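What follows is a set of notes on a single structure, which appears directly below.
Numbering (full-length UniProt numbering), first residue to last: 1 to 337.
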């Protein structure tokens with residue numbers, strides 16, 4: 001994933017575009033050979049906003065349609081504000097290299113064996129984290145690192161100021177990359193690990209995000225749209241009362257029947273296997289009942305991305321994950337929306 005940088009030739013003033021990390025290039029207008037060096041300290045990169053206001057609003061309206069949101073949101077939702085903001089993110093590029101040793105447990109017939117494992121890790125990794133207190137926008141890290149960087153004057157665009165230091169960002173980033181590298185090795189039980197992380201560059205990326213605020217039933221909600229990919233990053237939306245009522249009724253019914261059936265199995269089948277099956281069914285029934293109650297209680301507001309509060313079943317995935325799950329469930333219950 002490379003970044004395209006735009007600058008002017010110091011010889012003729014012509015436009016020169018290079019990829020991130022390029023040390024030498026030539027001007028296509030005057031053929032001058034140019035050496036590119038960065039200033040000491042943290043590089044500041046601003047991505048070009050490629051999404052228009054109309055495109056951002058259209059994407060939010062598409063997002064209204066999917067998932068477990070209010071069924072009349074597209075009809076009653078009213079956009080009140082839509083404006084771009086540039087949010088700073090720390091980006092650390094580093095290489096993780098080392099060894100992770102341990103074992104995995106394998107069941108063979110009636111025996112449990114430990115199989116030794118020794119995995120080498122050698123890969124380039126990226127870590128990102130929001131560098132400011134941007135409020136409750138629900139975007140804590142970047143999922144897209146591709147874009148066109150531009151050189152802009154300070155104060156020419158609306159931005160949030162970075163409130164965390166580069167030292168803290170570097171320390172946190174190295175720790176996170178080391179943990180991800182160890183997890184990437186895929187060793188279930190670790191007995192020894194030696195993974196070194198070599199930083200290749202820390203930069204402060206100002207990323208374009210569209211803030212879209214809208215009103216539904218006299219209450220205000222919001223959604224954020226990626227200024228490069230044009231996809232929804234996070235947001236709040238009203239939940240659907242029919243889905244909440246249905247989940248409560250079905251979940252409690254299934255949970256109650258399952259608990260009663262598990263109790264009956266425990267009384268009728270007086271054996272170790274019967275007790276184990278009864279306990280398994282009872283635990284599964286309690287999980288179903290608790291999940292349905294949680295959706296009923298918190299489903300009054302659906303959230304996406306890293307937004308806190310509300311009901312967010314797919315917090316670690318893209319906001320579209322909720323829409324995909326809904327598209328699989330809805331046809332069997334309602335024949336589509």
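Glycine is no exception: its CB is placed at the ideal position from the N, C-alpha and C atoms.
Quick caveat, the model's predicted, so the values are computed rather than measured.
- Here residue 212 is near residue 225, since their CB atoms are less than 8 Å apart.
- Around the beta carbon of residue 33, a 10 Å sphere encloses fewer than 16 other beta carbons of the protein chains shown; the residue is thus reported as exposed.
- In this model, residue 219 and residue 72 are separated by some 14 Å (Cα to Cα).
- When secondary structure is reduced to three states using DSSP, residue 86 falls in the strand class.
- Rounded to the nearest whole angstrom, the C-alpha separation of residue 151 and residue 135 is 26 Å.
- Restricted to the segment 164-225, the beta strand (DSSP E) segments that are unbroken, complete and at least 3 residues in length are 189-216, listed in chain order.
- Within a 10 Å sphere around the beta-carbon of residue 191 sit fewer than 16 other beta-carbons, which makes this residue exposed.
- Residue 278 sits buried, since 16 or more C-beta atoms from the chains shown fall within 10 Å of its C-beta.
- Per DSSP, reduced to three states, the secondary structure at residue 15 is strand.
- Between residue 18 and residue 203, the CB-CB gap reaches or exceeds 8 Å.
- Look at residue 146 here: in three-state DSSP terms it is coil, with no helix or strand label.
- Take the alpha-carbon of residue 222 and the one of residue 24: they are about 45 Å apart.
- Taking a C-beta distance under 8 Å as the contact criterion, residue 148 and residue 48 qualify as a contact pair.
- Residue 262 is positioned such that its CB atom lies closer than 8 Å to that of residue 285.
- Per the coordinates, the alpha-carbon of residue 122 lies some 27 Å from the alpha-carbon of residue 140.
- Secondary-structure assignment with DSSP links residue 235 through a beta bridge to 223 and 304.
- Taking the C-beta atoms as reference points, residue 142 is found nearer than 8 Å to residue 89.
- By the neighbour-count definition (other C-beta atoms within 10 Å, threshold 16), residue 287 is an exposed residue.
- By alpha-carbon distance to residue 240, the top candidate from 66, 36 and 6 is 66.
- Non-local beta-carbon contacts of residue 182 in its own chain, meaning distances under 8 Å to residues more than five positions away in sequence, involve 100, 121, 190, 193 and 195 in chain order.
- As for any alpha helix (DSSP H) of minimum length 4 sitting wholly inside the segment 20-87, the runs are 53-65 and 73-76, ordered along the chain.
- A straight-line Cα-Cα distance of about 23 Å links residue 85 and residue 302.
- According to the DSSP secondary-structure assignment, residue 98 is paired through a beta bridge with 121 and 195.
- Just measuring C-alpha positions, the residue of 20, 14, 54 and 210 sitting nearest residue 138 is 210.
- Counting the other CB atoms within 10 Å of its CB gives residue 80 a total below 16, which places it among the exposed residues.
- Nearest to residue 165 by alpha-carbon distance, out of 180, 133, 186 and 146, is 133.
- Assignment of residue 139 by DSSP, reduced to helix, strand and coil, places it in the coil class.
- With distances taken between CA atoms, residue 229 lies nearest to 50 out of 9, 6, 50 and 68.
- Residue 106 and residue 64 have their C-alpha atoms spaced approximately 47 Å apart.
- In the structure shown, residue 4 falls within a strand segment according to DSSP collapsed to helix, strand and coil.
- Relative to residue 169, the option among 104, 74 and 128 whose CA is nearest is 128.
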